[in-house]
Amino acid sequence: MKRFGFYLLILILGLGVLTAGCANNDQMNGTNQETNQTGQTNGSNGSNEANEDNNPVIYQNTVYGFNFTLPDSWKGYSIVTEQWEGIAVDGPQSGQVIETGQLIRIRHPLWNPEQPRQDVLIMIFTLNQWTDLLNEKFSVGAAPMPPSELGRNSRYVLALPARYNYAFPEGFEEVEDILANSPLEATENFK
118 MKRFGFYLLI
128 LILGLGVLTA
138 GCANNDQMNG
148 TNQETNQTGQ
158 TNGSNGSNEA
168 NEDNNPVIYQ
178 NTVYGFNFTL
188 PDSWKGYSIV
198 TEQWEGIAVD
208 GPQSGQVIET
218 GQLIRIRHPL
228 WNPEQPRQDV
238 LIMIFTLNQW
248 TDLLNEKFSV
258 GAAPMPPSEL
268 GRNSRYVLAL
278 PARYNYAFPE
288 GFEEVEDILA
298 NSPLEATENF
308 K
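Heads up, the sequence shown is in the numbering used here, so the first residue is 118 and it goes up one at a time.
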């Protein structure tokens, strides 16, 4: 009789683990719906495959004039906007904010506060700001090198922060793969 109780306990525990695993799988394969900056709703099946490029996703930004190609696994991405600050390097304003600009984060649909993923970061500079940055009139971070230019149009330089992935969060390899394929196309398509 003790043996029957033991087997029954194992069976119940096994079913509990199986049920929890199925519930987690349903959550991972569910559809996420987010609205991107262009107002289009992109759905995601929650896939985490980095090379799933059958139907690339294009983020179009008509404020700053660029398109950014993402793999299909980024369907349902969201856009988070922040502001970068340029700190004067020398002179009477040394250490003070003398320039500001837009920082755009393209956020993976699986990102959440409990388990953040690597964002794609794009800093927006006017042509004059970019020249001043390269001439070391101001700095935008602690890195000993400036951001990397991803592209430019007649109004803006679009750049990647020097240490965008310093913390190596989940998904940083996928973002590196995306960036290796030159995904940014600068356009003259402004609002």
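No residue lacks a Cβ here, since even glycine has one placed at the ideal position from N, Cα and C.
- Apart from the 5 residues on each side of it in sequence, THR198 sits with its Cβ closer than 8 Å to the Cβ of GLN219, LEU220, ILE221, ARG222 in its chain, given in chain order.
- Shortest Cα-Cα distance from LYS308 to any of ARG234, GLY182, TRP191 involves GLY182.
- Residue LEU267 holds the alpha-carbon nearest to the alpha-carbon of ASN298 among TRP247, MET262, LEU267.
- In this structure, ARG269 and ALA303 form a Cβ contact; the two beta carbons are roughly 6 Å apart against a cut-off of 8 Å.
- Within the region 175–262, the runs of alpha helix (DSSP H) that reach at least 4 residues and sit entirely inside it are, in chain order, 244–251.
- Looking at PRO261, PRO286, GLU253, the one whose alpha-carbon comes closest to that of SER211 is GLU253.
- In the structure shown, ALA279 falls within a coil segment according to DSSP collapsed to helix, strand and coil.
- Counting the other Cβ atoms within 10 Å of the Cβ of LEU251 gives fewer than 16, which makes it exposed.
- In this structure, the CA atom of GLY193 is about 5 Å from the CA atom of PRO226.
- In terms of CA proximity to ARG272, GLU305 leads the group PRO286, GLU305, TYR176.
- Under DSSP, the beta-bridge partners assigned to SER265 are LEU277.
- A Cβ-Cβ contact shorter than 9 Å links GLN235 with VAL292.
- In this structure, DSSP gives ALA284 a state outside helix and strand, which the three-state scheme calls coil.
- Non-local beta-carbon contacts of ASN171 in its own chain, meaning distances under 7 Å to residues more than five positions away in sequence, involve ASP189 in chain order.
- Closest in alpha carbon position to TYR283, among LEU238, PRO230, GLU202, SER195, is LEU238.
- When the Cα atoms are used, PRO173 and THR186 turn out to be separated by approximately 6 Å.
- Take THR179, set aside five residues on each side of it, and the residues of its chain with a beta-carbon closer than 7 Å to its own are ASN306, PHE307, LYS308, in chain order.
- The C-beta distance from LEU275 to LEU296 rounds to 12 Å, too long to fall under 8 Å, and the pair is not in contact.
- Taking a C-beta distance under 9 Å as the contact criterion, ILE196 and ARG224 qualify as a contact pair.
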